[in-house]
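J.: Using UniProt numbering, the first residue of the sequence shown is number 1, and each one after it goes up by one. Don't be surprised by glycine CBs; every beta carbon is placed ideally from N, CA and C. A quick note: this is a predicted structure, and the numbers were derived from the prediction, not measured.
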Amino acid sequence: MLSMNGSTVLHPNQPSQAPYLPAQPSLPMRASVNTLLPSALVQYGDGSFSTGFFARETLTLTPSNIVTDFWFGCGEGYGGDFGDTAGLFGLGRGKVSLVSQVAEKYGGVFSYCLPTRSSSNGYLTIGAGVQISPNVKFTQMITKSYAPSFYFMELIGMSVGGKDLSIPSTVFTNVGTIIDSGTTITWLPPPAYSALSLEFRQHMSHYSLVTRLGELDTCYDFTGYSRIRVPAIALQFSGGVTLSVDASGILLFASPSQGCLAFASNNKDVFSIVGNMQQRTFDVVYDIAREMIGFGTGGCS
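#1: What is the rounded straight-line gap between the Cα of V33 and the Cα of I179?
#2: Can you tell me which of F222, M204, Q236, G224 puts its alpha carbon nearest to the alpha carbon of A192?
#3: Ends of the alpha helix (DSSP H) at Y193?
#4: So, with DSSP's three-state summary, where would you put M141?
#5: Whole angstroms is fine: what's the gap from G108's alpha carbon to F49's?
#6: Label Q202 either buried or exposed according to how many other C-beta atoms from any shown protein chain fall within 10 Å of its C-beta, with 16 as the threshold for buried.
#7: Just curious, the beta strand (DSSP E) that S255 is in, first and last residue?
#8: Hey, could you find the ends of the beta strand (DSSP E) V274 is sitting in?
#9: Which residue marks the beginning of the beta strand (DSSP E) containing Q258, and which one marks its end?
#10: Please identify the residue among G224, N65, F54, G127 whose C-alpha is closest to the C-alpha of G75.
#11: Buried or exposed, going by whether 16 or more other CB atoms sit within 10 Å of the CB of V274?
#12: Keeping to the same chain, check which residues put their C-beta closer than 8 Å to that of V210; ignore five residues upstream and five downstream.
#13: Hey, quick one: how far does the beta strand (DSSP E) through Y106 stretch, first residue to last?
#14: Can you give the Cα-Cα distance for M153 and G80, rounded to whole angstroms?
#15: When you compare each of T125, A147, G83 to A103 by their alpha carbons, which one comes out closest?
#16: In the DSSP assignment, find the unbroken alpha helix (DSSP H) run with V171 in it and report its ends.
#17: Taking only three categories from DSSP, how would you classify Q236?
#18: Let me know the secondary structure DSSP gives L98 once reduced to three states.
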């Protein structure tokens with residue numbers, strides 16, 4: 001799992017501090033190798049949490065790629081939706097993320113492709129030497145002072161089955177949109193999700209709607225179907241960039257016969273999130289120095 005969400009770090013043994021601290025703790029610059037920081041509680045937006053401590057060590061990626069004084073967290077306890085995850089890569093813009101700590105050595109560029117199946121080939125590449133496919137098209141990376149560790153983009157519209165949805169631009173611009181590889185589905189403001197769900201349901205009217213699955217309220221029974229037809233869904237960003245969601249990123253299956261639209265409605269005052277299902281099969285490139293985010297087809301080959 002790649003995590004880019006701006007988590008909240010709490011130091012339980014410092015009760016005089018405010019309940020919520022910035023996403024990155026203030027790290028002592030003179031701490032020696034293996035020096036342990038106070039225990040910490042890391043809380044994520046979905047309610048998951050990890051308890052443990054921070055440490056500093058030498059990170060050896062390969063015999064010739066070594067990062068000294070690398071800060072990392074050692075998790076001792078977990079709660080929430082971590083499943084069988086062994087650990088998390090911090091890819092956000094905060095100073096203790098993997099990307100930020102190696103930026104001086106390798107450059108502030110990284111890219112990845114998330115495959116459709118566990119048997120497919122994906123990748124994560126970090127460094128200024130990243131070979132960017134000519135298929136990649138870039139949109140502006142935006143920084144928000146109230147959430148500096150997030151990667152914001154300007155989502156301006158969506159389409160279903162090739163039809164542009166009638167959504168006022170202010171629906172997206174009022175709260176903003178982030179891209180996050182650690183969030184499974186895409187979350188949208190209520191008006192945007194309503195328009196998407198309504199159009200999607202019209203295209204899927206020949207399938208039987210079934211009871212919602214948690215936050216997913218557009219679910220179908222596909223019993224007896226060997227093939228399922230779904231309408232194309234595309235996310236439109238500033239700069240003429242369109243992310244045409246791969247078919248594997250449209251439905252989330254709770255069982256072989258039940259699938260739900262992999263989009264949900266969030267609170268109207270919360271920013272939109274482009275989740276990892278909708279990023280599948282694309283080259284996703286983050287050029288932090290140029291403040292650009294790019295998408296290219298055919299990334300997982």
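T.: In brief:
#1: Counting from 1 along the sequence shown, the entry for residue 33 is found at position 33. Counting from 1 along the sequence shown, the entry for residue 179 is found at position 179. Bear in mind that a pLDDT of 36 at V33, under 50, signals an unreliable position, so the number given afterwards is only what the model happens to contain. In a straight line, the C-alpha of V33 is about 34 Å away from that of I179.
#2: As a position in the sequence shown, residue 192 is number 192, starting the count at 1. With distances taken between Cα atoms, A192 lies closest to Q236.
#3: As a first step, residue 193 is located in the sequence shown; it is residue number 193 there, counting from the start. Counting along the chain, the alpha helix (DSSP H) containing Y193 begins and ends at 190-203.
#4: Taking the sequence shown and counting its residues from 1, one reaches residue 141 at position 141. Reduced to three states, the DSSP call for M141 is coil.
#5: Locating residue 108 in the sequence shown gives position 108, where the first residue counts as 1. Locating residue 49 in the sequence shown gives position 49, where the first residue counts as 1. Distance between the alpha carbons of G108 and F49: 28 Å.
#6: Numbered from 1 along the sequence shown, position 202 holds the residue referred to as residue 202. Per the 10 Å Cβ criterion, exposed.
#7: Here residue 255 refers to the residue found at position 255 of the sequence shown. Taken as a continuous stretch (DSSP letters only), the beta strand (DSSP E) holding S255 covers 251-255.
#8: Counting from 1 along the sequence shown, the entry for residue 274 is found at position 274. Its beta strand (DSSP E) spans residues 272-274.
#9: For the purposes of this step, residue 258 is taken as residue 258 along the sequence shown, with counting starting at 1. Run containing Q258: 258-261, per the beta strand (DSSP E) assignment.
#10: In the sequence shown, counting from the first residue as 1, residue 75 sits at position 75. Selected option, being the one with the closest Cα: F54.
#11: Numbered from its first residue, the sequence shown carries residue 274 at position 274. Its Cβ being crowded by 16 or more others within 10 Å, V274 is buried.
#12: If you number the sequence shown from 1, residue 210 lands on position 210. Within the same chain, V210 has close Cβ partners C219, Y220, D221, Q258.
#13: Along the sequence shown, one-based indexing puts residue 106 at 106. No beta strand (DSSP E) holds Y106; the alpha helix (DSSP H) holding it covers 103-106.
#14: Within the sequence shown, residue 153 is the residue found at index 153, counting from 1. Within the sequence shown, residue 80 is the residue found at index 80, counting from 1. Each residue's Cα considered, the two are about 28 Å apart.
#15: The residue labelled residue 103 in the question sits at position 103 within the sequence shown. With distances taken between Cα atoms, A103 lies closest to T125.
#16: Looking up residue 171 in the sequence shown gives position 171. Counting along the chain, the alpha helix (DSSP H) containing V171 begins and ends at 170-173.
#17: If you number the sequence shown from 1, residue 236 lands on position 236. Reduced to three states, the DSSP call for Q236 is strand.
#18: Stepping through the sequence shown from its first residue, residue 98 is reached at position 98. Looking at L98 - three-state DSSP - the assignment turns out to be helix.
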